[in-house]
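Anchor point for the sequence shown: position 294 equals 294 in the working numbering, and the numbering is continuous, going up by one each time.
The C-beta atom is built at its ideal place from N, Cα and C for all residues, glycine as well.
Here the structure is a predicted model, which is why all the values come from computation and not from measurement.
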Amino acid sequence: MSIDFDTIVNLAKKRGFVFQSSEIYGGLRSAYDYGPLGVELLRNVKEQWWHSMVRMRDDVVGIDSAIIQSPSVWEASGHLASFTDPLVECTNCNNRFREDKLDDPDQCPSCGKRGTFTEAKNFNLMFKTHMGPVESPDNAVYLRPETAQGIFINFENVRRTSRMKLPFGIAQIGKSFRNEITPGQFVFRTREFEQMEMEFFCRPEEADEWFEYWIEERKRWYVDLGMSEDNVRFREHDQDELSHYSAGTFDVDYRFPWGFDELEGIANRTDFDLKAHMERSGKDLTYFDQESGERFVPYVIEPAAGATRTTFAFLLDAYDQEEVRGDTRTVLRLDKRLSPIKVAVLPLSKKPQLTEISTRLAQDLRPLFPVEHDVTQAIGRRYRRQDEIGTPYCVTVDFDTLDDQAVTVRDRDTMDQDRVSMDKVAAYLRDRLG
1 MSIDFDTIVN LAKKRGFVFQ SSEIYGGLRS AYDYGPLGVE LLRNVKEQWW
51 HSMVRMRDDV VGIDSAIIQS PSVWEASGHL ASFTDPLVEC TNCNNRFRED
101 KLDDPDQCPS CGKRGTFTEA KNFNLMFKTH MGPVESPDNA VYLRPETAQG
151 IFINFENVRR TSRMKLPFGI AQIGKSFRNE ITPGQFVFRT REFEQMEMEF
201 FCRPEEADEW FEYWIEERKR WYVDLGMSED NVRFREHDQD ELSHYSAGTF
251 DVDYRFPWGF DELEGIANRT DFDLKAHMER SGKDLTYFDQ ESGERFVPYV
301 IEPAAGATRT TFAFLLDAYD QEEVRGDTRT VLRLDKRLSP IKVAVLPLSK
351 KPQLTEISTR LAQDLRPLFP VEHDVTQAIG RRYRRQDEIG TPYCVTVDFD
401 TLDDQAVTVR DRDTMDQDRV SMDKVAAYLR DRLG
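What follows is the structure, given as structure tokens:
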């Protein structure tokens with residue numbers, strides 16, 4: 001179903017997925033905090049990416065590189081010279097915009113005036129700071145604008161210590177920072193965000209084959225986790241869109257409320273990065289193939305996804321409403337692997353004879369699954385709340401439990417209910433949750 005943008009934003013705030021950062025001080029624009037449910041959902045998305053890209057493969061390993069790196073890294077990569085957006089300012093209202101994102105390059109979207117923009121200037125997107133007690137050009141450093149360069153500068157370290165042979169990949173999940181001119185659209189475009197990136201090193205003549213392979217592999221990942229194929233498209237970059245390092249790029253786009261927008265880029269970065277760091281550092285980053293006796297600079301295929309915007313897309317895609325006995329039921333049909341809470345344990349009433357059993361059952365299940373024990377409100381309202389946050393199963397302890405030592409397990413999607421013996425509940429849920 002199509003979903004209104006404000007609806008999902010309100011749900012995210014209401015249920016504790018995402019909060020405005022520094023809200024008690026009026027909020028900080030384009031900065032968000034992930035609440036109790038949001039942090040679990042985001043963690044699950046990252047975990048599924050890591051599981052697919054690293055744990056299930058013998059040709060990919062992981063690293064975690066520093067956020068602050070030598071300024072020479074950004075000189076070699078070209079970020080200091082060319083990581084810019086065209087900035088224009090309206091002389092009437094003094095608001096600033098990215099020129100390439102304006103619907104009308106002659107009309108200010110804020111005040112409506114025409115012909116008031118200044119000439120475009122290149123604005124570097126990197127956050128600059130200083131190391132040490134004295135601010136000077138000699139100790140200037142930058143918050144990384146991407147995680148990829150931390151992989152490239154560790155190529156030889158990883159190859160040597162892991163004894164990897166081509167083709168192989170190095171993966172990383174981590175924070176990146178970009179001083180966006182016009183952030184917005186909730187958590188989609190923020191100045192602080194998380195990336196899930198993998199650099200896959202291969203022989204130059206095999207790059208096209210691996211490029212196609214990773215395009216299909218990444219499409220499979222999104223669909224496997226329940227994202228509707230109708231809402232996902234792969235778009236090839238035109239020649240004038242390609243980054244300076246790219247021989248070819250595909251975007252994985254999702255149908256957001258404002259239209260298709262990027263979740264992930266899959267690029268053939270050629271040998272640009274390794275060569276650039278070789279030249280700047282003077283270190284040998286070539287690869288020696290013992291079987292062929294060749295020495296060469298590997299090509300790189302890069303699937304690079306935004307963890308935060310991908311989490312937002314899964315949240316949007318899972319949202320559903322349906323009529324149930326004259327009422328509207330809101331439900332997040334998240335894949336069970338992504339659901340923040342897997343099981344809710346609900347006593348039918350607050351009477352001690354039931355809450356004692358439900359408390360004990362919740363404690364028994366917690367080592368196996370993320371569990372919520374909820375004793376407040378009527379049982380129907382508790383079901384609706386669990387539906388709205390995407391909990392796959394609710395386990396209800398009722399007065400019959402006192403006699404038959406069984407509980408009712410309710411399925412989120414079908415609302416079907418099974419009566420299950422308490423000593424078999426864990427196995428029942430494990431079979432369905434994996």
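For residue j and residue i, the rounded distance between their alpha carbons
i: Phe234; j: Pro145; result: 24 Å
i: Arg385; j: Pro370; result: 16 Å
i: Asp273; j: Gly184; result: 30 Å
i: Pro71; j: Asp138; result: 10 Å
i: Lys175; j: Cys111; result: 35 Å
i: Leu348; j: Pro257; result: 39 Å
i: Glu323; j: Asp64; result: 47 Å
i: Phe314; j: Glu194; result: 15 Å
i: Val409; j: Asp253; result: 37 Å
i: Val158; j: Ile215; result: 25 Å
i: Ala247; j: Lys14; result: 44 Å
i: Phe152; j: Ser77; result: 10 Å
i: Lys350; j: Glu356; result: 9 Å
i: Phe219; j: Gly27; result: One detail in the question is off: residue 219 reads as Lys in this sequence, not Phe. Approximately 36 Å between the Cα atoms of the pair.
i: Ala12; j: Leu338; result: 15 Å
i: Trp49; j: Thr311; result: 11 Å
i: Phe117; j: Val88; result: 6 Å
i: Gln20; j: Val223; result: 30 Å
Proximal residues to residue i (C-beta, below 7 Å), its chain only, five neighbours per side dropped
i: Tyr319; result: Ile3, Ile8, Leu332
i: Pro105; result: Glu99
i: Pro86; result: Arg98, Glu99, Asp100, Ala120, Asn122
i: Met131; result: Asn139, Val141
Residue of the options minimising C-alpha distance to residue i
i: Ala171; options: Asp413, Leu87, Ala148, Gln417; result: Ala148
i: Leu41; options: Leu225, Glu180, Gln377; result: Leu225
i: Glu205; options: Gly150, Ile301, Tyr142; result: Ile301
i: Glu236; options: Asn268, Phe256, Glu209; result: Asn268
i: Phe17; options: Glu356, Pro36, Asp6, Ala31; result: Pro36
i: Leu354; options: Val73, Trp210, Ile67, Thr396; result: Thr396
i: Asp327; options: Ser136, Gly380, Glu192; result: Gly380
i: Arg360; options: Lys13, Ala12, Gln405, Ile389; result: Gln405
i: Asp413; options: Ala378, Arg309, Lys336; result: Lys336
i: Ala304; options: Met196, Met227, Leu402, Gly282; result: Met196
i: Thr182; options: Asp238, Leu125, Thr330; result: Leu125
i: Thr249; options: Leu368, Glu212, Val39; result: Glu212
i: Asp403; options: Met422, Arg382, Phe188, Glu156; result: Met422
i: Gly282; options: His51, Val39, Val73; result: Val73
i: Ala378; options: Glu388, Leu346, Pro392, Glu279; result: Leu346
6 Å Cβ shell around residue i - same chain, five flanking residues per side excluded
i: Glu372; result: Ile341, Ala344
i: Ile68; result: Val141
i: Phe177; result: Phe127, Leu143, Glu192
i: Phe186; result: Val9
i: Gln275; result: It should be pointed out that residue 275 corresponds to Lys in this sequence rather than to Gln. Excluding sequence neighbours, Lys275 sits near Val297.
i: Lys46; result: Ile173, Ala307
i: Gly62; result: Val54, Ala171
i: Arg295; result: Thr286, Phe288
Residues bridged to residue i [DSSP beta-bridge criterion]
i: Ser176; result: Phe193
i: Tyr142; result: Gln69, Lys128
i: Phe260; result: Arg255
i: Pro137; result: None; Pro137 has no bridge partner.
i: Asp320; result: Val331
Which of helix, strand or coil DSSP assigns to residue i
i: Tyr222; result: helix
i: Asn44; result: helix
i: Gly78; result: coil
i: Leu274; result: helix
i: Thr359; result: helix
i: Met53; result: helix
i: Ser421; result: strand
i: Thr376; result: coil
i: Glu445; result: As shown, the chain starts at 1 and ends at 434. That puts residue 445 outside it, with no answer to give.
i: Tyr213; result: helix
i: Thr84; result: strand
i: Ala305; result: strand
i: Tyr245; result: coil
8 Å Cβ shell around residue i - same chain, five flanking residues per side excluded
i: Val60; result: Met53, Val54, Phe168, Gly169, Ile170, Ala171, Met198, Phe200
i: Leu166; result: Phe201, Cys202, Arg203, Tyr287, Asp289, Pro298
i: Gly115; result: Asp106
i: Lys113; result: Cys90, Asn92, Cys93, Gln107
i: Thr84; result: Asn122, Phe123, Asn124, Leu125
Below-9 Å beta-carbon distance, residue i vs any chain D residue
i: Phe19; result: In the displayed structure, chain D is absent; only one protein chain is listed.
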